[in-house]
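The structure appears below as C-alpha cells.
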Amino acid sequence: MEKKLGLSALTALVLSSMLGAGVFSLPQNMAAVASPAALLIGWAITGVGILLLAFAMLILTRIRSELDGGIFTYAREGFGELIGFCSAWGYWLCAVIANVSYLVIVFSALSFFTDTPALRLFGVGHTWRAIVGASDMLWKVKIVL
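Residue numbering for the sequence shown follows this note's numbering, beginning at 284 and increasing consecutively.
Structure below.
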C-alpha cells in the first residue's frame with residue numbers, strides 16, 4: 284500500500300519550513316509599533332498564504348503522483364532544469380538560514396540567564412561566544428544526522 288501525504292501533513296511541512304525562529308520573537312517587536320488589529324491581520328494574511336501553499340502542494344501530489352522529489356522535481360518538470368535547480372538551491376538556503384536563526388534565538392534566550400551588566404556572554408545572539416556555540420551545535424547536529 285502506497286502512503287500519500289494529506290492536507291494536514293503538507294500544511295505542517297510548509298508551516299515548519301516557513302516559520303523560522305524569528306517569527307517567534309517578531310511579535311514583541313511588532314507590538315511596540317502596531318495595533319493588535321494590525322497584528323491579527325498580518326497573522327491572518329500569513330495563515331492564508333501558508334494554506335494556499337499547502338493546497339498547491341496537495342494538488343501537485345494528486346495530479347503528478349509519480350513525482351517524488353518534492354519542490355525540486357515539481358519545478359524541474361514544470362519549468363526546466365535551471366528553475367528546478369534554483370528552487371532546490373533556494374529551499375536549501377532557506378533551511379540553512381532557519382537553522383541559524385533558531386540558534387540566534389536560543390543564545391539570545393540564554394543571555395537572560397548568563398549575561399550581567401559587567402559581562403555580556405551571548406548578548407542578543409551575535410557575540411563571538413554565541414557564534415562559536417551556534418557553529419558547534421550545528422556541526423554536532425550535522426555529524427549526528
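Positions of the beta carbon are idealized from the N, C-alpha and C atoms, including for glycine.
All values reported here derive from a predicted model rather than from experimental measurement.
Taking C-beta atoms under 8 Å as the contact rule, A417 and V379 fail to qualify, at a distance of about 12 Å.
Fully contained in the segment 340-420 is no beta strand (DSSP E) run of length 3 or more. DSSP, reduced to helix, strand and coil, places G332 within a helical segment of the structure shown. In the structure shown, A317 falls within a coil segment according to DSSP collapsed to helix, strand and coil.
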